[in-house]
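Here the working numbering is used: the first residue of the sequence shown is 185, the next is one more, and so on.
Ideal Cβ placement from N, Cα and C applies to all residues, glycine included.
Notes for the one structure printed next.
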Amino acid sequence: MEQLLDTVEQPAGNAYFDEGRAPTTGECHLWCAPIGTHHGWMDVLAPEERVRASQLPAGSARDTFVTSRGLQRTMGAQYLGAGAEQLRIVRTCPRCDVDHGRPRFDGADIDYSVAHTRRWVLLAVVSEGLVGVDLDTVPARRVVDRLAPTMLTPGEQESLERTAESERATAFLRLWARKEAAAKLTGRGLAASIAQLDVTEATLAAPPTGGVAAIHLLDVPAGDGHVVAVATTHRIDHVLAYWPGPGA
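In structure tokens form, the structure reads like this:
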């Protein structure tokens, strides 16, 4: 496996983002927020999102939804210079025209992707091309043994078998996160047959159908039992992260 980014720049506070500076060429911004601890998220949601939140059962489902939508709108407002609750987020699926596709800010030049675990929401932002991101928690070894034969290509399984026993669960999750990030970039999700995607190299030269010629894959060190993978249509060599969560 290639393209492990060893260094992620973590600015003090919001130093790089106070003026809403968009990512430059070859740059990706990452924002990580803890789920359910920012009571102001609800205030920036659009009216229809507040209704949806109120209809979700109290607890993790509602907290995750509110944190995710709140983070998307807060960061979008900062980059685009608009009111958070006024931003129009489009999620139309290219396959069925239903509102469950990859999110984007209507009419904006930036592209973004969002992922979450039970504790954290992660947002990735680029100014050139498309981006997909995945955030996962390292599984137990028994889970790896059960999933690897059906979720990995033969080449990926060989790569995993060459990995030290103590690192195998993390190595498996890194492969899986790359697959998820690539599929999210295309907007096809699990329909992209990610079990058939071989992501052992830094560039996916034959990505699932999604209108892109190649996908560049990047592992971002996260720590705290987490793995982050970023997929982009333009190569990334610099990551700026506001990272109070995994890896802080």
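Can you tell me the Cα-Cα spacing of residue i and residue j, whole angstroms?
i, j, result
"alanine 425", "alanine 355", "22 angstroms"
"valine 322", "glutamine 262", "32 angstroms"
"methionine 226", "threonine 276", "23 angstroms"
"leucine 388", "leucine 255", "29 angstroms"
"histidine 300", "leucine 306", "6 angstroms"
"threonine 258", "glutamate 342", "43 angstroms"
"aspartate 382", "valine 310", "24 angstroms"
"valine 298", "serine 252", "8 angstroms"
"isoleucine 378", "leucine 331", "13 angstroms"
"arginine 362", "alanine 266", "32 angstroms"
"valine 315", "proline 428", "22 angstroms"
"arginine 303", "isoleucine 219", "5 angstroms"
"threonine 334", "arginine 205", "42 angstroms"
"glutamate 349", "glutamate 340", "15 angstroms"
"arginine 358", "glycine 260", "28 angstroms"
"leucine 214", "isoleucine 420", "12 angstroms"
"alanine 308", "glycine 371", "15 angstroms"
"proline 241", "proline 338", "41 angstroms"
Would you identify the three-state DSSP class for residue i, choosing helix, strand or coil?
i, result
"valine 414", "strand"
"threonine 221", "coil"
"isoleucine 399", "strand"
"glutamate 312", "coil"
"glycine 339", "helix"
"alanine 406", "strand"
"aspartate 290", "coil"
"glutamate 211", "strand"
"leucine 381", "coil"
"arginine 419", "coil"
With residue i as the anchor, note down where its alpha helix (DSSP H) starts and where it stops.
i, result
"proline 231", "231-239"
"glycine 254", "244-264"
"alanine 142", "Residue numbering for the chain in the displayed model covers 185 to 432; residue 142 lies beyond these limits and cannot be assessed."
"alanine 353", "352-370"
"aspartate 329", "325-335"
CB residue i to CB residue j, shorter than 7 angstroms?
i, j, result
"glutamate 211", "histidine 422", "yes"
"alanine 230", "glutamate 269", "yes"
"valine 317", "alanine 366", "no"
"alanine 353", "arginine 325", "yes"
"leucine 319", "valine 250", "no"
"aspartate 247", "arginine 272", "no"
"leucine 369", "alanine 406", "no"
"threonine 417", "valine 396", "yes"
"alanine 245", "leucine 264", "no"
Looking at the unbroken beta strand (DSSP E) that takes in residue i, where does it start and where does it end?
i, result
"glycine 316", "315-321"
"leucine 271", "No beta strand (DSSP E) contains leucine 271, which DSSP labels as neither H nor E."
"valine 298", "295-300"
Within 10 angstroms of its Cβ, does residue i collect 16 or more other Cβ (buried), or is it exposed?
i, result
"histidine 223", "exposed"
"aspartate 295", "buried"
"proline 287", "buried"
"proline 207", "buried"
"arginine 346", "exposed"
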